[in-house]
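Beneath this line is the structure, given in structure tokens, with notes to follow.
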Amino acid sequence: MYKRVALLLPLTLISQLSLADWVKDATKQNENHVIQLRQHIHQYPELGNMEFKTSALVQKELKSYGIQVKTGYAKTGVIGILKGDKPGPIIALRADMDALPMEEKSGVPFASKQKAIYQGKESYVMHACGHDAHTAMLLGAAKILAAHKNQISGTVIFVFQPAEEGGADIDNFTHGDQIGSRKMIADGAFKDYKPEAIFGIHVAAGMKSGHLYYKDGAILNSADHLRIQVNGKQVHGSTPWLGRDPVYASAQMINNLQSLISRRTDLTQGMGVISIGNIQGGTAGNVIPEQVNMVGTIRSNNEQIRDNILKSLPSLVEHNAQANDVTAKVEIAPYAPVTMNDKVLTQLIQPTLAKVAGDSKLHVLDHNESASEDFAYYGKLMPSLFVFLGATPENQDLKQAAPNHNPYFIVDDATLKTGTELHIRFVLDYPNISKQVQAAWKQPKQ
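Letter by letter, the sequence shown follows residues -20 to -1, 1 to 426 in mature numbering (1 follows the signal peptide of the UniProt record, and there is no 0).
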């Protein structure tokens, strides 16, 4: 009898190991499919709100996997629904689909040569932020999960979102709530199936391919758009006292805006940035113009700091205008809150990250990244986790890698399998920590 048990033990162990490795095996078997999807999407990019062909591709793929498909969200958004064979929570996985209005210079064989209309003007189009990789990785995960429904506890919501970078056909300043994640939510993406947690992955240049980077709390800055119109009185440049100079007033405003950070922000709580990136006024060097227009951005990694800046900035500009006897119109349009990784979710899912990448390829960030993401709006509704996936081959100088939003930006296709596997592991492992995450989320926020 003992001999029979001894003989059966190795077989049981082998069976368990085989079961444990099916995710990596399936990811490897589907790697070429994911790469092909990514390269196709990269070669034929589409701008925000214009992702019609990409959306059609996503729908076709999901349906071929046997996943329920729903549309009618944010113009081109797609929701996929997959019910597992076992009871469990509803969770969401998100990928963005849009590209940027810029000409590609990467030199890869599948480089984009596409053009499209952006804000009324023709522009080249390029996937310079990796959304092609995001879409392909999530499709790869969907295919594998659909083929292994018996391993899933609960329901998976696949969120394919348009216009994370803004809409090509809309004034993003005045109608920002009509695009991206805000519009997906407003259009009822989670009405029928409300997830209790959501996960997102973003590829990043300058980080090693196949490596994962994360932290709890703030992972990305907030972002708010700023427009200031300064009106004075036009006059000859040789007699400024006869007019009212909006250029001089604008220069003071730009300088004084920085005092909101250096003198009126509690920098022990986080950081803030106010940058004026565009200033236009005048037609000649010897004419003081009637009007100056400025456009800028406001960023922070702390919501209290952000709120303080947004409340204080208009009055500072207006008082500056009064001091110079000009008038000023201030407009602020929100893009995204601080992207926050839920602390309990991040802590409890860490073993999953290590399982996928290995301890040597898992990195805790010292600070949040400076860019922003409308993924943050999902995190207002439920516990969320946003993870960076390295996109630069390890044998390359990371400091020399072209950054995201650069015409030379590239994504190492070898990193896609890591992102695909991570999506799958989120689905398989979250049910084990669901109760703890939800209990912490429902506690009163301090």
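From the three backbone atoms N, C-alpha and C, an ideal C-beta is built for every residue, glycine too.
This one's a predicted model, so the numbers in the text were calculated from it and none came from an experiment.
| message | Cutting at 8 angstroms between CB atoms, please list the residues of its own chain near Thr263, excluding the five before and the five after it. | response | Closer than 8 angstroms at Cβ, skipping near neighbours: Pro269.
| message | My output table needs one value for Phe140: the three-state DSSP class, helix, strand or coil. | response | Looking at Phe140 - three-state DSSP - the assignment turns out to be strand.
| Which residues in the same chain as Thr332 place their Cβ atom closer than 6 angstroms to its Cβ, once the five residues preceding and following it in sequence are excluded? | Closer than 6 angstroms at Cβ, skipping near neighbours: Arg405 and Asp409.
| task | Count the C-beta pairs between the segment 359 to 372 and the segment 79 to 99 that are closer than 8 angstroms, then say yes if the count reaches three, no if not. | result | No, the segment 359 to 372 is not in contact with the segment 79 to 99.
| request: Give the DSSP-derived three-state secondary structure of Gln423 in the structure shown. | output: Coil.
| field | Touching by the beta-carbon criterion (3+ pairs, under 8 angstroms), the segment 353 to 361 and the segment 208 to 216 | value | Result no; under three Cβ-Cβ pairs closer than 8 angstroms.
| message | Assuming contact is defined by CB atoms lying nearer than 7 angstroms, are Val227 and Val272 in contact in what I supplied? | response | Closer than 7 angstroms, so yes.
| Range covered by the beta strand (DSSP E) that runs through Asp287 | It is not in any beta strand (DSSP E) - Asp287 instead sits in the alpha helix (DSSP H) that spans Glu283 to Ala303.
| Can the beta-carbon of Ala126 be found closer than 7 angstroms to that of Ile47? | Yes, Cβ-Cβ distance for Ala126 and Ile47 is below 7 angstroms.
| request: Identify which residue in Arg18, Ser350 and Asp305 has its Cα closest to the Cα of Leu222. | output: Taking only the C-alpha atoms, the option nearest Leu222 is Asp305.
| Taking the C-alpha atoms as reference points, what is the distance between Asp225 and Gln214? | Taken atom to atom, the span from the alpha-carbon of Asp225 to that of Gln214 is near 7 angstroms.
| What residues match up with Pro314 in a beta bridge as DSSP calls it? | Asp204, per the DSSP bridge assignment.
| message | Need the endpoints of the alpha helix (DSSP H) that Gly120 sits in, please. | response | Counted as a single uninterrupted DSSP element, the alpha helix (DSSP H) harbouring Gly120 occupies residues His111 to Ala127.
| Within this structure, are the beta carbons of Tyr193 and Phe368 separated by less than 7 angstroms? | It is a contact, given that the beta carbons lie within the stated cut-off.
| request: Report yes or no: do the segment 384 to 394 and the segment 198 to 207 share at least 3 C-beta pairs separated by less than 8 angstroms? | output: In short, these stretches do not touch, since the Cβ pair count stays below three.
| query | Would Ala166 be called buried (16 or more neighbouring beta carbons within 10 Å of its own) or exposed? | reply | Here Ala166 is exposed: its Cβ has fewer than 16 other Cβ atoms, across all protein chains shown, within 10 Å.
| query | Which term fits Phe32, buried or exposed, when burial requires 16 or more other beta carbons within 10 angstroms of its beta carbon? | reply | That one is exposed.
| said: Tell me the rounded alpha-carbon separation between Ala36 and Leu119. | reply: It is roughly 13 angstroms from the alpha-carbon of Ala36 to the alpha-carbon of Leu119.
| Continuous beta strand (DSSP E) stretch holding Gln48: start and end | Run containing Gln48: Gln48 to Tyr53, per the beta strand (DSSP E) assignment.
| CB of Glu102 within 7 angstroms of CB of Lys93, strictly | With contacts defined by Cβ atoms closer than 7 angstroms, Glu102 and Lys93 do not form a contacting pair.
| query | Any idea if Lys12 is buried or exposed, counting beta-carbon neighbours within 10 angstroms, 16 or more meaning buried? | reply | Before going on, a small fix: residue 12 reads as Asn here, not Lys. Burial call: exposed.
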